[in-house]
Every structure is written in structure tokens, then in C-alpha cells.
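Structure first, commentary second.
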Amino acid sequence: MSNSSLRIHQNVQLTHHPRRRTLGPEPIPGGSVTQTRPRLSSRLRTEIPGPASRALQQRRAGAVAAGLSSVLPAYITSASGGLLTDADGNTLIDLGSGIAVTNVGHSAPAVVDRVRKQACWFTHTCFMVTPYEGYVEVCEQLNDLTPGDHEKRSVLLNSGAEAVENAVKIARAATGRQAIVVLDHAYHGRTNLTMALTAKSVPYKHGFGPFAPEIYRVPGSYPYRDGLSGEQAAAAAIDRVDKQIGADQVAAVVVEPIQGEGGFVDPAPGFLPALAAWCRDNGIVFVADEVQTGFCRTGDWFASDHEGVVPDLVATAKGIAAGLPLAAVTGRAELLDAVPPGGLGGTYGGNPVACAAALGAIETMRQENLTRAARGIADVVLPRLRDLATRTGVIGDVRGRGAMLAAEFVRPGTTEPDPDITKRVAAACHAAGVVVLTCGTYGNVVRLLPPLSLSHDLLDEGLSVLEDAVVEAAR
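Taken in order, the sequence shown gives residues 2 to 476; the numbers are from this note's numbering.
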């Protein structure tokens, strides 16, 4: 590490909590590294949200659109690793990673270092006007990391929804077809086209139509609820396409390898390979929406890697740049190059500061072997969630891979979704200073998305709070 880099890291530590990479006890913010963090109750100075956050919430009500909601209105002033500090001085354990964004942890040194330097050099030129090396380097990294050893190209964008939109554009341009096939329980974004691709109406779609045409929905694979093997579920989806659309009309099939907002639905083994093979046999572009699953989150660089699936196009965002706005479409060179010059792009796409963050994030993922770290998180979390399901009877299914894990809540003795207990569990965790998220078509899933660098002691502490919340809610 250069002396200049060391000075930058030391400066960061003056304004952010020190960050340790080990999985043992973490240092107290601002204290000696030989000290360990106090238990959760010692880190809460007020109720959650506290008076300072409540005052900010009042200001927000007069300034911010009501259509933008927040899971936990504790206003954050600093963050490091797996911890968030709010305006009242409370320190929260983050098991949400800003919805699978801070995979490398908050304020990762390599990210902060590169962002500082790039911001000093220049913050924007527009790659479509005067390009810069950072954009090219991010594309090179994506071409190398995404599944498959074929020749690839990438284009950089701003958000996951924009990446999915552009994947559809590319597929239509390359095939000359119009129909797009998506799955039940899918979530792909909040733009007009991606709302059309998304399954759940409230709150994502209701009142916002009409939507983009030529979108067709077929059943996916939801093992807990459909009881089908992967091959059976794929056959049902393919049969629906053949009978109601016609394979020769389909430009692309767009799938999340593990469905996110739909409930962290991990398809049965064999489903994705069968669907991808059928697409290949019929000249259909297979698009993997890896926005939430990508960048080591599931224990592989991409969730598609788990069964050796090689998508034609991969849409990425979230974890790509540790919180700065960046997204991408990466895929077969002949597909991306089918779009004429000027057909792709945008003023801010591949912003140089965001590219710097992405390079720092990828560097951290490589150096810290965060795919292995994600698998280690699963090894800790899954047995405890399964034990909790057995003890309480209110969890019908425990699922997920790596650090993308979930518990689906049901009424005891049934498979009937129970969104009420789900809300109570989440609220109890929030009150105790642990950030957890809910999701699912039925609103009955608690999902865990911790930073992949989260220490064992913080993970254990957060899980203990969740366990207590479930036991209490189940009484």
C-alpha cells in the first residue's frame, strides 16, 4: 500500500468507525483494537427511532414525496463494516446491506480510497462525449467475472431497472422479435417496462398503468409451494409459452436466478438449466437478472454459476459499486454489438466516481474471498433458522444460498402465509437495533442480506435478536 493510500485510510478512520477484516471481536468505534464491542443493549442510547431521527422524520414529511417509504426511520450519520450509527448515537447491526448493495461492507477502505482519488481528478465528462479508462476497466472486469468464456461486451448504466430495460432492448434488436417472457413472483424494477415485467401489483404497479406491451408471464419454480422438481417446473413454463405465445415470437426470457422481492424463492435444482437450454434451442435470449444475487452474494460470483448456467445477457447493479449508482448489462458480443451506435447509453451511465467504487469493490471481493465468506454466513444462519422453525412452528420454509437467506412465515400447521407475524418480527428486530427486511408476494418472508464481511460476533448477535423476536411473536 502506498504512503498516500495509507494517509487516506487514516483520514477515513478519523470520521468513520475503524474497520476490521477479521471474523473475531470487532473494536469499539474510536477505541483500542484490544477492546470488544459491547452487547447490543449497550449500543442503544435511545429508543428506535430516537428524538433526533423523529425530528428529521418531521422535516422529511414536509419535503419528500409520500410515495417514497422507509423500512426503519432511523436517520444514519455514519456506517462502517456491518454497523450503522444514527442521529441519536444508536449503533445498529445491518442485516440488510441497503438491500444487497454493501456486499463489501460499509466504507470499505479500497472503495473509499478510489472514490476519493477519482473525485479529486474529475467527477463527470459523459462517456459518450469524452471517455475515460475507468469505464473500460469495469467492463473488462465484468466480461471476465460473469459466467461463460465466450467473447463478451458490457454497457454501464445507473440502476437495476435500467439494466433490465436495456437487456430487453438488446434482445429485441438482436432477434427481431418482440415478446418477453417473465415468471410468477418476479420483480425487475419500477420503470414502466420493468413494472410490466414485475408480478406484484401493490405497491409496485397499482395505479400506474397502462404498461408496456408484449410481456407474458409463466409459472416459475417455487418448491415450497408447487412441490415440483426443477425439470417439471421448467416443462410447465415451456408448455405455457409454446401454447400461448409461440417460441418463435419470443425475444427473451428474463429470470432472477433467485427471486428477490418475490420472496427469495430459490428454484428447484434443474429448473434454470432446463429453461436456459430451451432458450438456446429456440434462438431466445436468456437474460439473468442478477441485480440482487450478483457479486458474491449467494456464495458464487453470480447465482447462475451455482448450476453452471451461462446466460446470454446478465443484468447487474446493487453490489457492483458498494452503494454508488452503477449498473450494467454484460453478455455475448454478437448481441450487444447488434445495437447500432447511439442505441445504448445515457448521460450518467458509468459515472467515473461510480466506476472507481466498482473497481474498489471488486478488488475487495477478490482479496477477501467474499464468495467463501458468503458461504460461511449460510453455514451459521441456516441451521439456526431451521432450529427456530422446529421450535416455534411459525416458519414454513427456510431457504437461500450464501448471504441471501430467508424464512417464510405461515400459520402453524398450515402453509397459509402469515404477514402479520412477519411484520411483528421485523418491528421487534428494528426496536432492538437490528435491521432486517421483509419481502414476498404474500408479505410473509423475513430476508437476511448481511454484508459479506460481517464478523461472527455481530452475526451471532443479530441472529439472537431475530430468534428472540420470533419466539415472542409465536406465543
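We treat Cβ as the ideally placed atom computed from N, Cα and C, and that holds for glycine.
To the nearest angstrom, how far is the alpha carbon of residue i from that of residue j?
{"i": "I285", "j": "L337", "result": "15 Å"}
{"i": "D1", "j": "V395", "result": "Past the edges of the chain, shown from 2 to 476, lies residue 1, and the structure says nothing about it."}
{"i": "C280", "j": "E134", "result": "35 Å"}
{"i": "G63", "j": "Y349", "result": "29 Å"}
{"i": "L194", "j": "A328", "result": "17 Å"}
{"i": "I49", "j": "L383", "result": "28 Å"}
{"i": "E1", "j": "G99", "result": "In the structure as shown, the chain begins at 2 and stops at 476. Residue 1 is therefore absent and cannot be evaluated."}
{"i": "V399", "j": "V340", "result": "42 Å"}
{"i": "H457", "j": "R367", "result": "20 Å"}
{"i": "H125", "j": "E163", "result": "19 Å"}
{"i": "F209", "j": "S71", "result": "20 Å"}
{"i": "I216", "j": "D388", "result": "41 Å"}
{"i": "A362", "j": "N144", "result": "16 Å"}
{"i": "A213", "j": "G161", "result": "18 Å"}
{"i": "S54", "j": "R241", "result": "50 Å"}
{"i": "N159", "j": "G397", "result": "37 Å"}
{"i": "L15", "j": "G463", "result": "Below a pLDDT of 50, predicted positions are generally treated as unreliable, and L15, at 29, falls in that range; the measurement from the model is reported next regardless. When rounded, the distance between both Cα atoms is 27 Å."}
{"i": "H307", "j": "T86", "result": "35 Å"}
{"i": "E369", "j": "R392", "result": "36 Å"}
{"i": "A109", "j": "C297", "result": "15 Å"}
{"i": "P28", "j": "T147", "result": "For P28, the predicted model reports a pLDDT of 31, less than 50, meaning its position is unreliable and no value from the coordinates is stated."}
{"i": "R477", "j": "V254", "result": "With the chain covering only 2 through 476, there is no way to say anything about residue 477."}
{"i": "A379", "j": "L198", "result": "30 Å"}
{"i": "R22", "j": "P52", "result": "Residue confidence for R22 is low, a pLDDT of 32 falling below 50, so the modelled location carries little weight; the figure read from the coordinates is stated next. Looking at the two C-alpha atoms, the distance is approximately 33 Å."}
{"i": "A278", "j": "V165", "result": "21 Å"}
{"i": "G106", "j": "S81", "result": "7 Å"}
{"i": "S3", "j": "T78", "result": "Note that S3 scores a pLDDT of 38, beneath 50, so its modelled location is shaky; the value from the coordinates is reported in the next line. About 29 Å."}
{"i": "K201", "j": "W122", "result": "43 Å"}
{"i": "Q142", "j": "I246", "result": "37 Å"}
{"i": "A174", "j": "P211", "result": "23 Å"}
{"i": "P342", "j": "A237", "result": "39 Å"}
{"i": "W492", "j": "E364", "result": "The displayed coordinates of the chain run from 2 to 476. Any statement about residue 492 would go beyond what the structure contains."}
{"i": "G295", "j": "V330", "result": "12 Å"}
{"i": "L455", "j": "D243", "result": "46 Å"}
Check this for me: beta carbons of residue i and residue j, under 7 Å apart or not?
{"i": "Y188", "j": "G261", "result": "yes"}
{"i": "A374", "j": "V426", "result": "no"}
{"i": "V112", "j": "A390", "result": "no"}
{"i": "A66", "j": "Y76", "result": "no"}
{"i": "C318", "j": "I259", "result": "Here residue 318 is Ala; the residue named in the question, Cys, does not match the sequence. Against a cut-off of 7 Å, the Cβ pair of I259 and A318 comes out as no contact."}
{"i": "L459", "j": "G83", "result": "yes"}
{"i": "V466", "j": "C430", "result": "yes"}
{"i": "F287", "j": "P270", "result": "no"}
{"i": "A357", "j": "Q179", "result": "no"}
{"i": "L325", "j": "V156", "result": "no"}
{"i": "Q58", "j": "P74", "result": "yes"}
{"i": "T416", "j": "H186", "result": "no"}
{"i": "T299", "j": "M196", "result": "no"}
{"i": "V446", "j": "E409", "result": "yes"}
{"i": "L453", "j": "L386", "result": "no"}
{"i": "V266", "j": "Y223", "result": "yes"}
Please look up how many angstroms separate the CB atoms of residue i and residue j, rounded, as I've assumed it's under 8 Å.
{"i": "G221", "j": "L184", "result": "4 Å"}
{"i": "G414", "j": "R376", "result": "About 33 Å separates the two Cβ atoms, so there is no contact after all."}
{"i": "G228", "j": "A407", "result": "G228 to A407, Cβ: 19 Å. No contact."}
{"i": "Q293", "j": "A101", "result": "5 Å"}
{"i": "E1", "j": "D290", "result": "Shown here, the chain extends from 2 to 476; a query on residue 1 therefore has no answer."}
{"i": "N104", "j": "G320", "result": "4 Å"}
{"i": "A235", "j": "L276", "result": "5 Å"}
{"i": "N91", "j": "R46", "result": "6 Å"}
{"i": "I171", "j": "G434", "result": "44 Å between Cβ atoms; not a contact."}
Taking residue i as the reference, give the member of the options with the closest Cα.
{"i": "V354", "options": "R46, Y136, R55 and E48", "result": "Y136"}
{"i": "G68", "options": "I321, A408, P204 and A323", "result": "P204"}
{"i": "A252", "options": "G463, H457, L450 and N283", "result": "N283"}
{"i": "R333", "options": "E409, G90 and G149", "result": "G149"}
{"i": "G485", "options": "M129, L464, A234 and A200", "result": "Past the edges of the chain, shown from 2 to 476, lies residue 485, and the structure says nothing about it."}
{"i": "E468", "options": "N370, P452, V437 and F123", "result": "V437"}
{"i": "C127", "options": "A235, K206, A200 and G347", "result": "G347"}
{"i": "K153", "options": "T199, V315 and V435", "result": "V315"}
{"i": "R476", "options": "M196, H151, R298 and R412", "result": "R412"}
{"i": "D114", "options": "P452, R191 and L360", "result": "L360"}
{"i": "T439", "options": "S454, P452, P451 and T423", "result": "T423"}
{"i": "Y225", "options": "A237, P268 and R191", "result": "P268"}
{"i": "Q233", "options": "V330, R117, F272 and K170", "result": "F272"}
{"i": "G401", "options": "A237, P451, A432 and A428", "result": "P451"}
{"i": "G190", "options": "G177, T176 and K206", "result": "K206"}
Between residue i and the ligand ZN, is there a pair consisting of the residue's CB and a ligand heavy atom that are separated by less than 6 Å?
{"i": "P224", "result": "Judged by which ligands are present, the structure shown has none, so any question about the ligand ZN falls away."}
In the region 355-424, which residue ranges form an unbroken beta strand (DSSP E) of at least 3 residues, counting only runs that do not cross its ends? 396-402 and 405-410
Counting only runs that start and end within the region 221-268, where is the beta strand (DSSP E) found for 3 or more residues in a row? 251-256
Return the chain-ordered ranges of every beta strand (DSSP E) run that is complete within the region 162-230 and spans a minimum of 3 residues. 180-184 and 216-219
Curious, which full-length beta strand (DSSP E) runs of at least 3 residues does the region 302-326 contain? 314-317
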